[in-house]
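Single-structure report; data block below.
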Amino acid sequence: MKILVYIEQIAGQTAGITGELLTLARGLAERTGGHVEALIASDAPESIGGSLAGADLVLTAADPAFAQYNPQAQAALIEAVIAARAPDLVLFGYTTMGMDLAPWLAARTGRPLAGYCIGLEPDGAGLKARSQIYGGKLIADVELPLPAIVVMAPGAVREAEGRGDEPAREAVAVPPGLAGGAVRFVSAQAPDANAIDITQVEKLVCVGRGIGEQDAIEEARGLASALGAELVSSRPLVDLGWMPKERQVGKSGRTVKPRLYLTLGVSGAPEHLEGMSAADLIIAVNTDANAPIFQVAHYRAVVDCADLIPEIVDELERQGLSHA
Amino acid sequence: MHVAAILRLVPDTREELEVDASGRDIDREWVGMRLSEFDDQALEEAVLLKERSGAKVTAIALAGEGVDRLLQTAVARGVDEVVRVVHDIADSRDTARQVEALAGALHRIGADVVLTGVMTPEDILGQLAGTLAGRLGWPVFNAVTSVAAEGDGLRLRQEYSGGRAAIFDVSGPVVIGVQSASQAPRYVAGSKLRQAAGTPIGQEEIPTRAPAAAAAITGLSLVEAGGQAVSLEGDATTIAGKIIAILSEKGLIGA
Numbered sequence: 002m003k004i005l006v007y008i009e010q011i012a013g014q015t016a017g018i019t020g021e022l023l024t025l026a027r028g029l030a031e032r033t034g035g036h037v038e039a040l041i042a043s044d045a046p047e048s049i050g051g052s053l054a055g056a057d058l059v060l061t062a063a064d065p066a067f068a069q070y071n072p073q074a075q076a077a078l079i080e081a082v083i084a085a086r087a088p089d090l091v092l093f094g095y096t097t098m099g100m101d102l103a104p105w106l107a108a109r110t111g112r113p114l115a116g117y118c119i120g121l122e123p124d125g126a127g128l129k130a131r132s133q134i135y136g137g138k139l140i141a142d143v144e145l146p147l148p149a150i151v152v153m154a155p156g157a158v159r160e161a162e163g164r165g166d167e168p169a170r171e172a173v174a175v176p177p178g179l180a181g182g183a184v185r186f187v188s189a190q191a192p193d194a195n196a197i198d199i200t201q202v203e204k205l206v207c208v209g210r211g212i213g214e215q216d217a218i219e220e221a222r223g224l225a226s227a228l229g230a231e232l233v234s235s236r237p238l239v240d241l242g243w244m245p246k247e248r249q250v251g252k253s254g255r256t257v258k259p260r261l262y263l264t265l266g267v268s269g270a271p272e273h274l275e276g277m278s279a280a281d282l283i284i285a286v287n288t289d290a291n292a293p294i295f296q297v298a299h300y301r302a303v304v305d306c307a308d309l310i311p312e313i314v315d316e317l318e319r320q321g322l323s324h325a
Numbered sequence: 329m330h331v332a333a334i335l336r337l338v339p340d341t342r343e344e345l346e347v348d349a350s351g352r353d354i355d356r357e358w359v360g361m362r363l364s365e366f367d368d369q370a371l372e373e374a375v376l377l378k379e380r381s382g383a384k385v386t387a388i389a390l391a392g393e394g395v396d397r398l399l400q401t402a403v404a405r406g407v408d409e410v411v412r413v414v415h416d417i418a419d420s421r422d423t424a425r426q427v428e429a430l431a432g433a434l435h436r437i438g439a440d441v442v443l444t445g446v447m448t449p450e451d452i453l454g455q456l457a458g459t460l461a462g463r464l465g466w467p468v469f470n471a472v473t474s475v476a477a478e479g480d481g482l483r484l485r486q487e488y489s490g491g492r493a494a495i496f497d498v499s500g501p502v503v504i505g506v507q508s509a510s511q512a513p514r515y516v517a518g519s520k521l522r523q524a525a526g527t528p529i530g531q532e533e534i535p536t537r538a539p540a541a542a543a544a545i546t547g548l549s550l551v552e553a554g555g556q557a558v559s560l561e562g563d564a565t566t567i568a569g570k571i572i573a574i575l576s577e578k579g580l581i582g583a
């Protein structure tokens, strides 16, 4: 199987999912007698840091249009590379860029696509994927004829250590006219340096949509204070304007690895689990016994947060353990 | 500028889900359907764009149970027109055929900007925004958190992991997968909803064809409840005591 891996870059480095995608591709290639190519597009591809070991060959596309991420320019390049190299499988990570590019290319090239994948294996003349669906409550088996496009969920593959030597590089032709497209990069926005950095906090209490009404946020804040923790949230509460963006955990927020992660009414959508499943101790509270958050929790409690929060706060005070 | 907001009803994943007799889909008979939460955000951003720039906004949805009411709610929230797309798609997860029907409808109404939700709980065969953009040959942006008129085009903000974002200007047609609107979706008073209930709904009928090569969902399985987690049983008082004991044992409180 001939596999093409799209390499994302963040601030001059390959993205965190790169090693996972290359590990997966290497394994598939070895099982099927195949070949792995990695594609990296930049104004200066040689300056991008990070290992690309696991690929047999790195395809580099150098052009000023790739100085910053531009979905139109990147998509045009990958479409041209797919036409020229005819890979059986193109791999992306489930990221903003992966969401831009993979479905677009699937439609343009007529290739079937499977997303949110947590497993991928050869299956006869095609592939069998396992994908998260319905908020992570179910897993779907998906059959894919080749050629195909697959979008892998971060964390689905354990990145192999010592994947071998850095591969040779080969420059590929860049389609003409990319700089004159309809998309113009204006500016980049970094996280607010003055905002709290929740990635550095040891204890986090996370509220989700199941917390109930907005008033319950204050109750949860009181619990966080009593525990000496910071209050964070899943995305829906940020979208509602109940919690500030800098306190959002998950795919579109921050990735955290605290000593304690206590969730209150967090369902555990895959996008949230991506940002917190590596926490040392996860205690999850939800009224839904089938909430996906329980899949990654160390302890689970099926109980109403409105009942539980005051009980914990009162007991901490009674035992003289409250930090508030 | 003619903005189309594509709206989808999706299974409510807060409810208990079961696999149907075919083993390839959820049992939809008793599952509630709701507006996709990200489509809700896209609708709000489309209406904001109208209010700030004068753009025309048409809400579009594939025909199905509950869709007329959904479209009338969109009218109450401020869209100018609504269109129901009559189709022949049997599986709501068949993105390729959905896109074929929607692309046909977009062509007929003459929309040049499309806003829809960045994802749904069941779009594992391809998110709509990217697939639609690919079919139309338009640029696409996902994980967008604001869209505003800028000169003859649009200025939008796209988010990435780790709290990073970028601002882009786009001229010409574009498909935008909205993650969150510039402000929370507005509340609509009952009187407005009643007023919108009589709004005529436009209709487009678009036949579709199965793609030459398609992925197939061959099985669904429920994730085992609870995984490896240790269950803390009892009433709220008992559970609170157990949690405090765990935290004490781990040295996370009282030190």
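Protein chains in written order, with this note's numbering: chain V, 2 to 325; chain P, 329 to 583. All C-beta atoms in this analysis are idealised placements derived from N, C-alpha and C, irrespective of residue type, glycine included.
Cα-Cα, which of V:Thr-110, V:Pro-293, V:Leu-322 is closest to V:Ala-230?
Your numbering for residue 230 of chain V matches position 229 in the first sequence. Considering only alpha carbons, the answer is V:Leu-322.
Taking all protein chains shown into account, do 16 or more other C-beta atoms lie within 10 angstroms of the C-beta of V:Pro-88, making it buried, or fewer, making it exposed?
Counting from one through the first sequence, the residue named residue 88 of chain V turns up at place 87. When all chains shown are included, V:Pro-88 counts as buried.
Are the C-beta atoms of V:Phe-295 and some chain P residue less than 8 Å apart?
As a position in the first sequence, residue 295 of chain V is number 294, starting the count at 1. At a cut-off of 8 Å between C-beta atoms, V:Phe-295 counts as an interface residue with respect to chain P.
Decide if the segment 527-544 of chain P is in contact with the segment 393-413 of chain P; the criterion is three or more beta carbon pairs, one per stretch, under 8 Å apart.
yes
Using a threshold of 8 Å, state whether the C-beta atoms of V:Val-6 and V:Ala-56 are closer than that.
Here residue 6 of chain V refers to the residue found at position 5 of the first sequence. Here residue 56 of chain V refers to the residue found at position 55 of the first sequence. Using a Cβ distance threshold of 8 Å, V:Val-6 and V:Ala-56 count as a contacting pair.
Residue-level contact to chain V via CB, P:Thr-341, 8 Å cutoff
Residue 341 of chain P sits at position 13 when you count from the first residue of the second sequence. Output row for P:Thr-341: interface = yes.
Using 8 Å as the threshold, is the segment 444-463 of chain P in touch with the segment 476-493 of chain P, meaning 3 or more CB pairs across them?
no
Give me the chain V residues within the contact set of P:Ser-499, using Cβ-Cβ distance strictly less than 7 Å, ordered along the chain.
Counting from 1 along the second sequence, the entry for residue 499 of chain P is found at position 171. The contacting residues are Ala-183.
Candidates P:Pro-467, P:Arg-412, P:Glu-561: closest to V:Ala-74 by CA position
The count along the first sequence starts at 1 and reaches residue 74 of chain V at position 73. It is P:Pro-467.
Meets three-Cβ-pair contact criterion under 8 Å: the segment 549-566 of chain P and the segment 155-170 of chain V:
The segment 549-566 of chain P makes no contact with the segment 155-170 of chain V, as fewer than three CB pairs between them are under 8 Å.
Three CB pairs or more closer than 8 Å across the segment 261-273 of chain V and the segment 117-137 of chain V
Flag = yes, the segment 261-273 of chain V and the segment 117-137 of chain V touch.
C-beta neighbour in chain P for V:Val-304, strict 8 Å:
By 1-based counting over the first sequence, the position of residue 304 of chain V is 303. With 8 Å as the cut-off, V:Val-304 counts as an interface residue toward chain P.
Go through the segment 359-444 of chain P residue by residue and report every complete run of the alpha helix (DSSP H) that reaches 4 residues or more, in order.
365-381, 395-405, 423-437
Tell me where the beta strand (DSSP E) around V:Lys-1 begins and ends.
It is not possible to answer for residue 1 of chain V, since the shown part of chain V is limited to 2 through 325.
Are the segment 541-551 of chain P and the segment 138-148 of chain V touching by the rule of at least three beta carbon pairs closer than 8 Å?
yes
Quick check: what's the CA-CA separation for V:Glu-162 versus V:Ala-66?
To locate residue 162 of chain V, count along the first sequence from 1; it is residue 161. To locate residue 66 of chain V, count along the first sequence from 1; it is residue 65. The straight-line gap from Cα to Cα measures roughly 33 Å.
Can you tell which of P:Asp-408, P:Asp-353, P:Arg-356 has its C-alpha closest to the C-alpha of P:Glu-379?
Taking the second sequence and counting its residues from 1, the one referred to as residue 379 of chain P is at position 51. Here the closest residue by C-alpha is P:Asp-408.
Proximity test, Cβ basis, 8 Å: V:Glu-241 and chain P
As a first step, residue 241 of chain V is located in the first sequence; it is residue number 240 there, counting from the start. Reading off the sequence shown, one finds Leu at residue 241 of chain V, where the question assumed Glu. Judged by the 8 Å Cβ criterion, V:Leu-241 is in contact with chain P.
Which of helix, strand or coil does DSSP assign to P:Met-329?
Here residue 329 of chain P is taken as the residue at index 1 of the second sequence, counted from 1. Residue state, collapsed to three classes: coil.
Comparing alpha-carbon positions, which option in P:Glu-344, P:Ile-574, P:Ala-568 lies nearest P:Asp-355?
Stepping through the second sequence from its first residue, residue 355 of chain P is reached at position 27. Among P:Glu-344, P:Ile-574, P:Ala-568, the Cα nearest to that of P:Asp-355 belongs to P:Glu-344.
In angstroms, rounded to a whole number, what distance separates the CA positions of V:Asp-166 and V:Gly-223?
In the first sequence, residue 166 of chain V corresponds to position 165, counting from 1. In the first sequence, residue 223 of chain V corresponds to position 222, counting from 1. Going from the Cα of V:Asp-166 to the Cα of V:Gly-223 covers about 52 Å.
Return no unless some Cβ of chain P is closer than 8 Å to the Cβ of V:Glu-260.
Along the first sequence, one-based indexing puts residue 260 of chain V at 259. In the sequence under discussion, the amino acid at residue 260 of chain V is Arg, which differs from the Glu named in the question. Chain P, which has a Cβ nearer than 8 Å to the Cβ of V:Arg-260, makes this yes.
So V:Gly-20 is in the alpha helix (DSSP H); what residue range does that whole segment cover?
The sequence position of residue 20 of chain V within the first sequence is 19, counting from 1. First-last of the alpha helix (DSSP H) with V:Gly-20: 19-33.
Bridge partner(s) assigned by DSSP for P:Gly-547
Within the second sequence, numbered from 1, the residue matching residue 547 of chain P stands at position 219. Beta-bridge partners of P:Gly-547 (DSSP): V:Asp-142.
Run down chain P in chain order and give the residues with a C-beta less than 7 Å from the C-beta of V:Gly-136.
By 1-based counting over the first sequence, the position of residue 136 of chain V is 135. What V:Gly-136 touches in chain P: Thr-341, Pro-449.
In whole angstroms, give me the CA-to-CA distance for P:Leu-363 and P:Gly-582.
In the second sequence, the residue the question calls residue 363 of chain P occupies position 35. In the second sequence, the residue the question calls residue 582 of chain P occupies position 254. Cα to Cα, the separation comes out at about 46 Å.
Given this structure, state the Cα-to-Cα distance separating V:Ile-218 from P:Ile-572, to the nearest angstrom.
What you label residue 218 of chain V is simply residue 217 of the first sequence in a count that begins at 1. What you label residue 572 of chain P is simply residue 244 of the second sequence in a count that begins at 1. Their backbone Cα atoms lie some 21 Å apart in a straight line.
Below 7 Å on C-beta distance, what does P:Arg-463 contact in chain V?
The residue you call residue 463 of chain P lines up with position 135 of the second sequence. Ala-108, listed in chain order.
Any chain V beta carbon closer than 8 Å to P:Gly-555:
Counting from one through the second sequence, the residue named residue 555 of chain P turns up at place 227. Cβ-Cβ to chain V under 8 Å: yes for P:Gly-555.
Is the Cβ of V:Ile-140 closer than 8 Å to any Cβ of chain P?
As a first step, residue 140 of chain V is located in the first sequence; it is residue number 139 there, counting from the start. Taking Cβ atoms only, chain P reaches closer than 8 Å to V:Ile-140, which makes this a yes.
Could you tell me how far apart the beta carbons of V:Ser-188 and P:Gln-507 are, in whole angstroms, since I believe they sit closer than 8 Å?
Position 187 of the first sequence holds residue 188 of chain V. Position 179 of the second sequence holds residue 507 of chain P. Not a contact, Cβ separation roughly 19 Å.
Tell me whether V:Gly-34 is buried or exposed, calling it buried when 16 or more other Cβ atoms sit within 10 Å of its Cβ.
For the purposes of this step, residue 34 of chain V is taken as residue 33 along the first sequence, with counting starting at 1. V:Gly-34 comes out exposed.
Where P:Thr-527 falls: helix, strand or coil (DSSP):
One-based indexing of the second sequence puts residue 527 of chain P at position 199. Of the three classes helix, strand and coil, the one that applies to P:Thr-527 here is coil, per DSSP.
Alpha-carbon to alpha-carbon, V:Glu-171 and V:Ala-292
As a working note, residue 292 of chain V is residue 291 in the first sequence. As a working note, residue 171 of chain V is residue 170 in the first sequence. The straight-line gap from Cα to Cα measures roughly 47 Å.
Can you give the beta carbon distance from P:Leu-399 to P:Val-385, rounded, assuming they're within the 8 Å contact cut?
Numbered from its first residue, the second sequence carries residue 399 of chain P at position 71. Numbered from its first residue, the second sequence carries residue 385 of chain P at position 57. Rounded, the Cβ-Cβ distance is 12 Å, inconsistent with contact.
Taking V:Thr-61 as part of the beta strand (DSSP E), name the residues at either end of that continuous run.
Sequence index remark: in the first sequence, residue 61 of chain V carries index 60 (1-based). Segment 58-63, the beta strand (DSSP E) holding V:Thr-61.
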